[in-house]
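Residue numbers (the numbering used here): 78 to 442.
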């Protein structure tokens, strides 16, 4: 089985894994396209690390199959799967130079010295670290060490690249730089990549698609935009991004465009289909960006009071209190306003009906 070149497909078929009575992965189906970067996203204990180990061959699943380019690799040990891994701690050899670290996998495979030299130069150019070939890992910054770990991984021409929480040891500014860098390298190399992370912003910014996991179950597998705008479950809605949940009752439902009557009597015509029957108690999900505030009442304005106003870069995060006591978050452009002057103002809240992100049963966990 040879790696490198164009991306390879990766399929997980009904992967289940149990640790005693604990189901760490419950019949997971994923089909990852060649050259795609997919994130396994979820909180601790959701099953993402279990899936990573199963893909790598470090852990044998209880049932199900792992396929690479349509061929089962479940019977193959880790060293025969052509899978490369970048770990959280980079795992560089401290006594070896940058060049020697990158060449390690090739040397272990007894590749000719000339080939090793050529690949080391190629990888150093790919990660833009050509001037650091003779340095030791302790002479590098955290971001530089991560680039070398990535270069060492890619040097063996893996079919699949696995990234295990690769940014967790970096500070915020460096994390963003390295996200951009790894995305550039991934796109340039065309390698199919699986990123394990608990950081929603990381997954949203880097991924072609995201698999959201919760308690061993696959909640949703879709593009970042679809997951944010149309979460498939209340868990996805709450875990990815910030959402307001307003209680209401479904006026129309079951296939047609759903309309929800809020507690103050206002009816929100969402235009979204729903399987829920009319009369159901529901929770209407609204992202903060789907709301706006005005001092003018206008049609459809809901009376509110600004409880808190916090500047966040070019935006202001408002928390407004409705007449029923509910607190709702709203994000607007700052537009020269001073957030400290806005608290306590009487305003009206307007909802963009087209941007309702979900309608969930009131009984949802």
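C-beta: ideal position from N, C-alpha, C; glycine also. What you are looking at is a predicted structure, and each value in this text was computed from that prediction instead of being measured.
For residue 314, the enclosing alpha helix (DSSP H) covers residues 311-316. Cβ neighbours of residue 167 within its own chain (closer than 7 Å, five residues either side excluded): 222, 223, 226. Under the rule that a run must span 3 or more residues, the beta strand (DSSP E) segments found entirely inside the segment 334-393 read 336-339, 344-346, 358-363, 368-371, 379-389. At the C-beta level, residue 325 and residue 358 come within 9 Å of one another. In the assembly as shown, residue 389 is an exposed residue. Its beta-carbon has fewer than 16 other beta-carbons within 10 Å.
The residue from 278, 430, 276 with its alpha-carbon nearest to that of residue 348 is 430. When rounded, the separation of the alpha-carbon atoms in residue 152 and residue 143 is 9 Å. Within the segment 103-189, the complete beta strand (DSSP E) segments at least 3 residues long are 114-118, 140-145, 160-163, listed from N- to C-terminus. The C-alpha of residue 123 is placed about 19 Å away from the C-alpha of residue 305. Taking residue 230 as the centre and dropping the five residues before and after it, the same chain places the C-beta of 161, 163 closer than 6 Å to its C-beta, in chain order.
Boundaries around residue 250 are those of the alpha helix (DSSP H), 249-266, since no beta strand (DSSP E) includes it. Residues 197, 200, 228, 229, 232 of the same chain have their beta carbon placed closer than 6 Å to that of residue 179, with the five preceding and five following residues left out of the count.
With contacts defined by Cβ atoms closer than 9 Å, residue 426 and residue 369 form a contacting pair.
By the Cβ test, the segment 260-269 is in contact with the segment 104-115, since at least three Cβ pairs between them sit closer than 8 Å. When DSSP states are grouped into helix, strand and coil, residue 242 belongs to the coil group. Counting along the chain, the unbroken alpha helix (DSSP H) around residue 280 starts and ends at 277-283.
With a cutoff of 9 Å on beta-carbon distance, residue 128 and residue 272 are scored as not near each other. The beta-carbon separation of residue 210 and residue 176, rounded to 4 Å, stays under the 8 Å limit for a contact.
Here residue 119 is buried, its C-beta having at least 16 other C-beta atoms within 10 Å. With 16 or more other Cβ atoms from the protein chains shown falling within 10 Å of its own Cβ, residue 241 counts as buried. Using a 10 angstroms sphere on the CB of residue 423, the tally of other CB atoms stays under 16, which defines it as exposed. Straight-line measurement puts the Cα of residue 235 at about 16 Å from the Cα of residue 110. Assignment of residue 225 by DSSP, reduced to helix, strand and coil, places it in the helix class. Taking 9 Å as the cut-off, the Cβ atoms of residue 381 and residue 367 do not count as close. Per DSSP, the beta bridge partners of residue 291 are 294. Residue burial is scored here from C-beta neighbours: residue 360 has at least 16 other C-beta atoms within 10 angstroms and is therefore classed as buried.
No residue range can be given for residue 235, since it is assigned to no alpha helix (DSSP H) and is classified by DSSP as neither H nor E.
When DSSP reads this structure, residue 99 sits in a beta bridge with 96. Counting along the chain, residue 301 sits inside no beta strand (DSSP E); it lies in the alpha helix (DSSP H) bounded by residues 301-306.
Around the beta carbon of residue 94, a 10 Å sphere encloses 16 or more other beta carbons of the protein chains shown; the residue is thus reported as buried.
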